[in-house]
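For what it's worth, the working numbering labels the leading residue of the sequence shown as 22, then goes sequentially.
Report on the following structure.
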Amino acid sequence: MLVDSHHHLWNLSEVHYPWLMEKGATRFFGDPTPIQRNYLLDEHISKLEPFKFNASVHVQVGAKDGWQEAKWIDQIATNSKNWKIVQVAFCDLAAPDFLDQINKLSKFTSLRGVRQIIGRAEKEDTQTGTNNLLYDPKFLDGLKHISKLGLTFDLQLTPNLYHETGILLQEVPNLRVAVCHCGSPQERTGKYIEAWAEKLSKLSKRENTYCKISGLGMFDKNWNADSIQPIIEHCLDQFGPERLMFGSNFPVDSLYSCFSELYLEISQLIPEQFHKKIFAENCRNFYRF
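Structural data, given as structure tokens:
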């Protein structure tokens, strides 16, 4: 059975998500209006189960209170019988109360890792200043601490940050890192992809860094097999079939395609002999299912 390594759930009456409640605001991935509604596990299962998925990783998604979101997901995980779900929660690694945050989160049996976004898109990064985390010694201390706890780190960033991030991660050699969304390549021209791939090597050479084939519609709303094929080929070349995982990034990527289209197109671009690893085993091992 297969595993979705990256998706989101939300219930607007259970957890407050400022970006989902803000009407009329366009995000770097487009207009979120169609997904500004509840998206619950039963709906996600209904999309994936026909393709023999039976497990998934929930990734934090901008809740005002990360602990409240993690608590809600842990309750879902506890009550889910036929679908195994674990989570990557938000924790501010550079916050003064970081230890209190991570200690509270660690009580959830579904917890497997942490995500604190460094880069979304260059325009948003300029506004949020999240990329300054790379130069914050407290952030590095936080990474070291979660590494000692055996937790993973989901790394969302943009290509202009690969080099500095690669240097930072040298300080935490045992931390298992998952690069979200193939590192968010933002253009599809041949020249851009070649430059992106060269930069990506700064991250892919690190033994404990994996990569998620996910979120490729966020910067290419009209994506097709031809436009994503070079990205997948470069990821296969650099990470190999042992360090790649498939993720739907639903419901965000549902803005650009239905799940059947997404899954079938990507699966056809990956050699069949690698399917078992990329669509199941690597994720199960990385997130300790």
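Yeah, the Cβ is synthetic: ideal placement off N, Cα and C, and Gly gets one too.
Check whether residue i and residue j have beta carbons under 8 Å apart
i: N153; j: G140; result: no
i: Y183; j: K220; result: yes
i: G236; j: W244; result: no
i: Y60; j: P272; result: yes
i: L30; j: H79; result: yes
i: D121; j: F74; result: no
i: K233; j: G187; result: no
i: I56; j: L276; result: yes
i: C203; j: D175; result: no
i: G134; j: T173; result: yes
i: I214; j: I253; result: no
i: I299; j: P251; result: no
i: S205; j: F260; result: no
i: I94; j: S127; result: no
i: F111; j: G87; result: yes
i: F280; j: K125; result: no
i: S77; j: I106; result: yes
i: K144; j: F49; result: yes
Element boundaries [beta strand (DSSP E), containing residue i]
i: M266; result: L265 to F267
i: Q327; result: What the structure shows of the chain is the stretch from 22 to 310, and residue 327 is not part of that stretch, so it cannot be assessed.
i: K233; result: T230 to I234
i: L132; result: L132 to R136
Beta-carbon proximity list for residue i, same chain, < 8 Å, skipping 5 on both sides
i: R58; result: L33
i: E43; result: none
i: L170; result: I123 and S127
Spatial neighbours of residue i in its chain, beta-carbon cut-off 7 Å, leaving aside the 5 residues before and after
i: L161; result: L189 and E192
i: L164; result: L114, F174, V193 and L196
i: D241; result: R209 and S248
Those residues which DSSP pairs with residue i across a bridge
i: H255; result: None; H255 has no bridge partner.
i: V36; result: Answer is none; V36 lacks a bridge partner.
i: D25; result: S77
i: Y60; result: W31
i: R309; result: For R309, which the question treats as bridged, DSSP gives no partner whatsoever.
i: V200; result: L176 and C232
i: R48; result: G51
Where residue i falls, given that 16 or more other Cβ within 10 Å makes a residue buried
i: Q12; result: Any property of residue 12 remains undetermined from this structure, which presents the chain solely from 22 to 310.
i: R19; result: What the structure shows of the chain is the stretch from 22 to 310, and residue 19 is not part of that stretch, so it cannot be assessed.
i: T210; result: exposed
i: W40; result: exposed
i: M266; result: buried
i: T179; result: buried
i: T47; result: exposed
i: L228; result: In the sequence on display, residue 228 carries Glu and not Leu. So E228 ends up on the exposed side.
i: E90; result: buried
Where the alpha helix (DSSP H) through residue i begins and ends
i: A216; result: G211 to S225
i: T99; result: G87 to N100
i: D175; result: No alpha helix (DSSP H) contains D175, which is instead part of the beta strand (DSSP E) from T173 to L176.
i: G187; result: Y183 to L190
i: I139; result: From DSSP, I139 is part of no alpha helix (DSSP H); its letter is neither H nor E.
i: G163; result: P158 to K169
i: L283; result: F280 to L290
i: D122; result: Residue identity check: residue 122 is Gln in the sequence provided, not Asp. Taken as a continuous stretch (DSSP letters only), the alpha helix (DSSP H) holding Q122 covers F119 to L126.
Cβ shell of residue i (< 6 Å), same chain only, five flanking positions each side left out
i: A218; result: H255
i: D157; result: A115
i: E185; result: L155
i: L23; result: K73, F74, F300 and A301
i: D274; result: G238
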